[in-house]
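Note that my numbering has the sequence shown beginning at -13, numbered continuously upward.
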Amino acid sequence: MFPLCKYYGFNHILFWVKTGDTLFVAGCGKFFEGTADEMYRALIEVLGRLPPETWVFCGHEYTINNLKFARHVEPNNEVVRTKLQWAKVLT
């Protein structure tokens, strides 16, 4: 995971972070190195505390597959259904 970066433009600051294999839309990466506690700290204590306007750039695109899995686990979850439709429109 790369550090949070700032871009200073016209009368604003743009925050962005590259999460590599740590965070994806609707999921997180496998931790081949490190522990579950370290992954938790990265997701909750670091990324979870970023300003809401932060742009997140994931290392890979697994959105649709992650949401299909979530739909399988929670077939009645309307948020998952809506997000899956959103993701399919973008691809």
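All C-beta atoms, glycine included, are put in the ideal place defined by N, C-alpha and C. These numbers come from a predicted model, not from an experiment.
Going by DSSP, residue 43 is part of no alpha helix (DSSP H) but of the beta strand (DSSP E) stretching over 41 to 44. By the C-beta density criterion, residue 0 is exposed, having fewer than 16 other C-beta atoms within 10 angstroms. In the three-state DSSP reduction, residue 18 falls in the coil class, being neither helix nor strand. Counting only residues of its own chain and dropping the five nearest sequence neighbours on each side, residue 24 has a CB closer than 8 angstroms to the CB of 17. The Cβ neighbour count for residue 74, taken over all protein chains shown within 10 Å, is under 16; the residue is labelled exposed. Secondary structure note for residue 11: it is in no alpha helix (DSSP H), with a DSSP letter that is neither H nor E.
Distance from the Cα of residue 19 is smallest, within the candidate group 46, 56, 8, for 8.
Taking 8 angstroms as the cut-off, the Cβ atoms of residue 45 and residue 77 do not count as close.
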